[in-house]
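Worksheet: one structure, shown below.
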Amino acid sequence: MAKGRKQIVVGVTGASGAIYAHRLVSCLLDGDVDVHLIVTPYGHRLFSDELDIKDLGASSFSTSHHERLSVYGYRDVGAKLGSGSFRTDGMIICPCSSNTLASVSTGLAENLLNRAASVTLKERRRLILVPREMPASHIDLQNSLRLSEAGAIICPAAPGFYMLPQTIDDLVDFVVGKLLDLVDVEHSLNTRWTGEVGSGSERGAETEA
Ligand SMILES: Cc1cc2nc3c(=O)[nH]c(=O)nc-3n(C[C@H](O)[C@H](O)[C@H](O)COP(=O)(O)O)c2cc1C
Numbered sequence: 000m001a002k003g004r005k006q007i008v009v010g011v012t013g014a015s016g017a018i019y020a021h022r023l024v025s026c027l028l029d030g031d032v033d034v035h036l037i038v039t040p041y042g043h044r045l046f047s048d049e050l051d052i053k054d055l056g057a058s059s060f061s062t063s064h065h066e067r068l069s070v071y072g073y074r075d076v077g078a079k080l081g082s083g084s085f086r087t088d089g090m091i092i093c094p095c096s097s098n099t100l101a102s103v104s105t106g107l108a109e110n111l112l113n114r115a116a117s118v119t120l121k122e123r124r125r126l127i128l129v130p131r132e133m134p135a136s137h138i139d140l141q142n143s144l145r146l147s148e149a150g151a152i153i154c155p156a157a158p159g160f161y162m163l164p165q166t167i168d169d170l171v172d173f174v175v176g177k178l179l180d181l182v183d184v185e186h187s188l189n190t191r192w193t194g195e196v197g198s199g200s201e202r203g204a205e206t207e208a
């Protein structure tokens, strides 16, 4: 574990769901975390296609703590994230394409995102992958199982509906809240089951009345 402020690596790949990555990075920064961000070329494309963010940088995120974000070159395998000697509190790949799932599950390390994931595994740190593909192929499932057996956490982008989401943001927050819980970062997103359907939402209150 890193000393001082939490250090989390975030990898963003070319799976659909750039909005998850956008919200995750913003919440981590607001949650007093130093975020080390690596985005693949297709990750950049999806940020552009889905969020109209063309030139991804610190100012792209909704936070007042832009100074906590470091963005790394995808090809720069020599960056500090490529070594286990740079101590982090884990890595989240969100969203995770089937392509990156396959690369990480076979130990490929030809770019900084894959290398950082490999390092996270070898150092026995927390590695969380958020696959977004449906249906999952047999190969996707085998790759997920292999990673799970190696200690990684597979956390598919599959929001629940028991909190009675009203907006896309509610659905996104459900997934992001789970991820923040998994890296032990405090948040106030309405994602925790309290034993009552829709607890915390207006619609839940109406349903009970
Ligand atoms: C518009 C668009 C949407 C895509 N959505 C997904 C997806 O949801 N899941 C996935 O596994 N791949 C998806 N892909 C394919 C990946 O982007 C492609 O396999 C790419 O090689 C992934 O590279 P990366 O893992 O380096 O980001 C999508 C591609 C495009 C252009």
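The opening residue of the sequence shown carries number 0 in numbering that gives the first Met the number 0; numbering runs sequentially from there. Yeah, the Cβ is synthetic: ideal placement off N, Cα and C, and Gly gets one too. Predicted model only: the values in this text are computed from it and were never measured.
Closer than 7 Å to some heavy atom of ligand 1: that describes the Cβ of S97. Residue burial annotation: M162 is buried, with at least 16 other C-beta atoms found within 10 angstroms of its C-beta. For the pair D31 and S61, the Cα-to-Cα distance works out to about 14 Å. Residue state for C154 is assigned as coil, using DSSP reduced to three classes. Look at H43 here: in three-state DSSP terms it is helix. Put simply, the backbone Cα of D51 is about 26 Å away from that of C154.
Under the three-state reduction of DSSP, L178 is assigned to helix. Contiguous alpha helix (DSSP H) elements confined to the segment 110-146 occur at 111-121, taking only those with 4 or more residues. Distance from the CA of H35 to the CA of Y71, rounded to the nearest whole angstrom, comes to 7 Å.
When rounded, the separation of the alpha-carbon atoms in G176 and G77 is 32 Å. Bounds of the alpha helix (DSSP H) holding S104 are S97 to S104. For I37, the number of other beta carbons within 10 angstroms of its own is at least 16, and it is reported as buried. Under the DSSP definition of a beta bridge, K53 lacks any partner. Just measuring C-alpha positions, the residue of S25, D75, L111 and Q165 sitting nearest A57 is S25. Put simply, of E185, H43 and V103 the residue whose alpha carbon is nearest the alpha carbon of E148 is V103.
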